[in-house]
Amino acid sequence: KISPLRTAAEVAGKSKKVGVKVQRIFEHTNQVIAEAIMVGGSTISDFRGVSGESDLGYFAQQFKVFNREGEECVTESCKGTILRIVQSGRSTFYCPKCQR
Numbered sequence: 114k115i116s117p118l119r120t121a122a123e124v125a126g127k128s129k130k131v132g133v134k135v136q137r138i139f140e141h142t143n144q145v146i147a148e149a150i151m152v153g154g155s156t157i158s159d160f161r162g163v164s165g166e167s168d169l170g171y172f173a174q175q176f177k178v179f180n181r182e183g184e185e186c187v188t189e190s191c192k193g194t195i196l197r198i199v200q201s202g203r204s205t206f207y208c209p210k211c212q213r
């Protein structure tokens, strides 16, 4: 869990563990993308597929912070509050207590 306020350089650091951290982020990102694809992605409610039919994805049901501003973090023993910030004109949701 990494704060969206940290830069890539801060995440990588100067230690020899750079490769390990980057590899873990890469692996988890690929895992999340694969899981999202398996359940149809995370399309919004008014999306229509090429056939014109509603083609909702169900991955949005698994979101832990997105669109949950002000709610309690779902991570066990965290009890932090989800915050929303704007980065490059887009909303970013995160838990400042467990995403450092």
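For the sequence shown, the residue numbers in the working numbering are 114 to 213. A virtual CB, placed ideally from N, CA and C, is assigned to each residue, including glycine.
Following the DSSP letters along the chain, one finds V124 inside the alpha helix (DSSP H) bounded by residues 121 to 125. For Y171, the CB contacts under 6 Å within the same chain, skipping 5 residues up- and downstream, are V152, G153 in chain order.
In the three-state reduction of the DSSP assignment, R137 falls in the helix class, which pools H, G and I.
Our two residues, K177 and V187, have alpha carbons roughly 7 Å apart in a direct line. In this structure, the straight-line span from the alpha carbon of V199 to that of T205 is close to 6 Å.
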